[in-house]
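Those protein sequence lines, which keep their order, are chains A and B.
According to the working numbering, the first sequence holds residues 17 to 254 in order.
According to the working numbering, the second sequence holds residues 17 to 254 in order.
Here is the structure we will look at, set down as C-alpha cells.
There are 2 protein chains.
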Amino acid sequence: MPRKSDVLRETDANAIRLGRALIREAQYAALAVIEPETGFPFVSRALLATDIDGVPAIAISKLATHFGAIMADDRVSLLTGVPGKGDPLAHPRMTTLCRAVRVEKGSEDHARLRARFLRRHPKAALYIDFPDFFLFRLRPISASLNGGFGRAYALDASDLVSEDALSTYVGFDAEAAISSANSLLADANTTKHNCIDADPEGVDLKNGSEYVRLDLNSTAIDAHNFVALLASSLEKIP
Amino acid sequence: MPRKSDVLRETDANAIRLGRALIREAQYAALAVIEPETGFPFVSRALLATDIDGVPAIAISKLATHFGAIMADDRVSLLTGVPGKGDPLAHPRMTTLCRAVRVEKGSEDHARLRARFLRRHPKAALYIDFPDFFLFRLRPISASLNGGFGRAYALDASDLVSEDALSTYVGFDAEAAISSANSLLADANTTKHNCIDADPEGVDLKNGSEYVRLDLNSTAIDAHNFVALLASSLEKIP
C-alpha cells in the first residue's frame, strides 16, 4: 500500500486482530471495481461472507455492473467496518485490495463456500442457485486499516489470510461444530451469542444485530479438540 | 450507466427525489478512486457535504491515498445510502460516478463550500484550514440508483444537479435563512428537526442522528420568499 510512511503505525498483533475482525464480522461491504466501458471506479454494496481461510467472498449476478467488471479486470477493493453512531471517521474501517477468483460451480470449494454463504445470509437461498449467480473469492493482496483518527496501519495478505486453513479443514464437520458451539454457549449462561458458523480456527457469533468473530487460541485438530479450545475461549467474548 | 436495460425501471419523479436525497442526506460515503501506482480501485470512507447545487464535496489531506489518486485521475464514484437494520440490500443506495474538481483556495467557491462543509461537519474546523487540506467538488456524470430489491434506475447529471443554483445563490444569506428556518421549525411544534443548512432550493434538517433534505416547491427569489416557501413545505417533513 503506497502511503506516506510517517502516517503509518507499526503493524502489531492488535492491528492484525482488528483487521481480521473487520472482514470476518462484516455482513456487507462497499465493493469497488473498474467499469470496463468507462474506466471509472464503480463502488456498490455487496453482501459479504468469508471462506474458512478468512478470504472474503461475494455472490453476484451476471446482470450486475460489477460482474462484467470483475470478469474484465480481477482487481477490486472492499471497504468494511460499520460507521456506528457519532463521527463516521471515529470508527475502525479497512480497505482491502483483492483479486477476484470465480469459484467453479460443482467444485468442492463451491459447495463449502455456498454453505458458508447461506449460513451467514440465509435469505440468499432464494437466488444463490440461479444459473446467473456466481460465487467469487476475493483474495486479499494488501490492506489499509484505519483504527480511528490517526491510527493507520498497512497489512499484507498473510496478516489476513490463514494459508493452511484449507488443509486443516479437511474432515472438519462445520454443522456438528456449530451445534457443539451452541450447546457450549447455552450452558455458559454468560452470553446471548449464537454460533452461526465454525471452522478449525474460530467461530462466527451473532448477538441480535451484532456479529463477533472469536478466534481459538490454536487450530483445532479434531472435533474434541475444537470443543476444548472453544470452551477455554468463551471468556474472550466481549 | 451500462446496464442490462431489462433490469432498469423508468426513471420517474420519485426515483429522482430519492436519488437527490441519497446525496443531500449523506454524512459520509464510500469513495472509490483509482490507485495510480497499482491501477486497483481503492475504496475508503470520506465525510460528505453538498454544494448548493447538489454537487457532493469532500475535504481531503494530501497525505491520504485518495488525494494522489484524484490528482492523477479525476474519475471517482460514491456509494451513499445507510444500510440501516435488517437486510443491507433492502435499503436504498446509489452509486454516483463523478469527476473530481479541486476548489481553489481563496476563491468565492471555496469560501461558500468551506462554510457549508463546516455547518455539516463542525468538527472539521480542527483541520479544514490546514495547508495540506483541500476541498473537491465531485461533479456527477451519472448514477445507478438501487431503491431495494429489483428497483434499479439510471440517473443522469441533470437529475441530480441544479444547474442554475449557483446563479440563484447570489445574494442569498445562508446564515439568516438557517436562523429563519429554525424559528419556523420551533414555532411549528410538530417536528423536532433543526435546520443545519439552507439554500434557495431547500433546507438540510437534522433530528437526532437522522438527516432529512426538504426541497422547496420552487426556487426562492429572496429572503421573504424563502420563508414563505419553507412555511408551506413543513408538512412534507416525514
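Positions of the beta carbon are idealized from the N, C-alpha and C atoms, including for glycine.
Residue from the options whose Cα sits closest to the Cα of residue i
i: B/Arg153; options: B/Pro147, B/Asn162, B/Ala127; result: B/Ala127
i: B/Gly224; options: B/Asn233, B/Ala236, B/Lys208; result: B/Lys208
i: B/Ala190; options: B/Thr54, B/Pro216, B/Arg229, B/Leu151; result: B/Pro216
i: B/Gln43; options: B/Arg229, B/Asp90, B/Ser249; result: B/Arg229
i: B/Lys101; options: A/Glu226, A/Arg40, A/Ala131; result: A/Glu226
i: A/Asp89; options: B/Ser249, B/Thr54, B/Thr235, B/Ala140; result: B/Thr54
i: B/Glu51; options: A/Ala159, A/Ala244, A/Asp175; result: A/Ala159
i: B/Asn162; options: A/Arg40, A/Leu95, A/Ser60; result: A/Ser60
i: A/Leu151; options: A/Ala214, A/Gly218, A/Arg167, A/Thr66; result: A/Thr66
i: B/Leu171; options: B/Pro156, B/Tyr185, B/Ala45, B/Ser248; result: B/Pro156
i: B/Thr206; options: B/Leu232, B/Ala193, B/Thr184, B/Ser249; result: B/Ser249
i: A/Pro193; options: A/Ala236, A/Lys222, A/Ser178, A/Glu179; result: Reading the sequence as shown, one finds Ala at residue 193 of chain A and not Pro. For A/Ala193, the nearest C-alpha among the options comes from A/Ala236.
i: B/Asp231; options: B/Arg33, B/Leu24, B/Glu26, B/Arg25; result: B/Arg33
i: A/Thr112; options: A/Pro104, A/Asp125, A/Thr96; result: A/Thr96
i: B/Ala85; options: B/Pro104, B/Arg118, B/Val98, B/Lys139; result: B/Arg118
i: A/Pro138; options: A/Ala214, A/His240, A/Leu63, A/Phe242; result: A/Leu63
i: A/Ala140; options: B/Cys211, B/Leu182, B/Ala106, B/Pro72; result: B/Ala106
i: A/Leu24; options: A/Arg167, A/Ser183, A/Thr81; result: A/Arg167
i: A/Val129; options: A/Phe242, A/Ser199, A/Glu251, A/Asp213; result: According to the sequence provided, residue 129 of chain A is Leu. The question's Val does not apply to it. Answer by Cα proximity: A/Asp213.
i: B/Cys211; options: B/Arg115, B/Pro72, B/Arg135, B/Asn233; result: B/Arg135
i: A/Ser77; options: A/Phe146, A/Glu251, A/Ser234, A/Tyr185; result: A/Phe146
i: B/Tyr169; options: A/Glu251, A/Ala80, A/Ala181; result: A/Ala80
i: B/Pro104; options: A/Pro108, A/Asp103, A/Val98, A/Arg109; result: A/Val98
i: B/Lys222; options: B/His240, B/Phe242, B/Asn241, B/Leu201; result: B/Leu201
i: A/Lys252; options: A/Phe242, A/Asn233, A/Val186; result: A/Asn233
i: B/Thr27; options: B/Ala173, B/Phe58, B/Ala131; result: B/Ala173
i: B/Ile39; options: B/Val243, B/Pro254, B/Arg109; result: B/Arg109
Exposure of residue i, with buried meaning 16 or more beta-carbon neighbours within 10 Å
i: B/His56; result: The residue asked about is misnamed: residue 56 of chain B is Phe in this sequence, not His. Buried, because 16 or more other Cβ atoms sit within 10 Å of the Cβ of B/Phe56.
i: B/Gly164; result: exposed
i: A/Leu246; result: buried
i: A/Val49; result: buried
i: B/Gly195; result: Per the sequence shown, residue 195 of chain B should be read as Ser rather than Gly. So B/Ser195 counts as exposed.
i: A/Asp148; result: exposed
i: A/Met17; result: In this prediction, A/Met17 scores a pLDDT of 36, lower than 50, which makes its location untrustworthy; no coordinate-derived value is stated.
i: B/Asp175; result: buried
i: B/Ile74; result: buried
i: A/Asp69; result: buried
i: A/Asp238; result: exposed
i: A/Ala29; result: exposed
i: A/Leu142; result: exposed
i: B/Asp220; result: buried
i: A/Gly35; result: buried
i: A/Ala204; result: exposed
i: A/Ser93; result: buried
i: A/Ser199; result: exposed
i: B/Pro72; result: buried
i: A/Ser178; result: buried
i: B/Gly122; result: exposed
i: A/Glu41; result: buried
i: A/Ala116; result: buried
i: A/Gly218; result: buried
i: A/Lys20; result: With a pLDDT of only 45 at A/Lys20, under the threshold of 50, the placement of this residue in the model should not be trusted, and no figure is reported.
For residue i, the residue or residues it bridges with in DSSP
i: B/Arg91; result: B/Arg115
i: A/Ala46; result: A/Arg61, A/Leu95
i: B/Ile76; result: B/Phe150
i: B/Thr66; result: B/Pro72
i: B/Glu226; result: B/Asn223
i: B/Leu24; result: B/Ala168
i: B/Asp231; result: B/Gly218
Interface partners of residue i on chain C, CB under 8 Å
i: A/Arg91; result: Included in the structure are the protein chains A and B, with no chain C among them.
- With 8 Å as the C-beta to C-beta threshold (strictly closer), list the residues of the region 123–155 of chain B near chain A in chain order. So the list reads Lys139, given in the order they occur along the chain.
### Message
Just to confirm the assignment: which complete alpha helix (DSSP H) runs, minimum length 4, are found wholly within the region 98–138 of chain B?
### Response
124–136
Any chance you could list the beta strand (DSSP E) runs of at least 3 consecutive residues sitting entirely within the region 183–224 of chain B, in chain order?
210–215, 218–223
Cβ-based contacts, 9 Å cut-off: residues of the region 43–65 of chain B near chain A: The region 43–65 of chain B vs chain A, Cβ under 9 Å: Gln43, Tyr44, Ala45, Ala46, Leu47, Ala48, Val49, Ile50, Glu51, Pro52, Glu53, Thr54, Gly55, Phe56, Pro57, Phe58, Val59, Ser60, Arg61, Ala62, Leu63.
### Message
By the 7 Å beta-carbon criterion, what residues does the region 65–89 of chain A contribute toward chain B?
### Response
Leu79, Thr81
Notebook entry, point to check: Closer than 7 Å, Cβ to any Cβ of chain A: which residues of the region 100–120 of chain B, in chain order?
Noted result: Against chain A - using a Cβ distance shorter than 7 Å - the residues of the region 100–120 of chain B are Lys101, Asp103, Pro104, Leu105, Arg109, Thr111, Leu113.
- Ignoring anything shorter than 3 residues or poking outside the region 151–186 of chain A, list the beta strand (DSSP E) runs there in chain order. 168–172
Q) In chain order, what residues of the region 158–181 of chain B put their CB closer than 7 Å to some CB of chain A? A) Ser160
Margin query: What are the residues in the region 189–209 of chain A lying within 7 Å of chain B by C-beta distance?
Written below: Answer set for the region 189–209 of chain A: empty.
query: Can you list, in chain order, the residues of the region 215–243 of chain A whose Cβ is nearer than 8 Å to any Cβ on chain B?
result: Ser225
Any C-beta of chain A within less than 8 Å: which residues of the region 22–44 of chain B qualify?
Val23, Gln43, Tyr44
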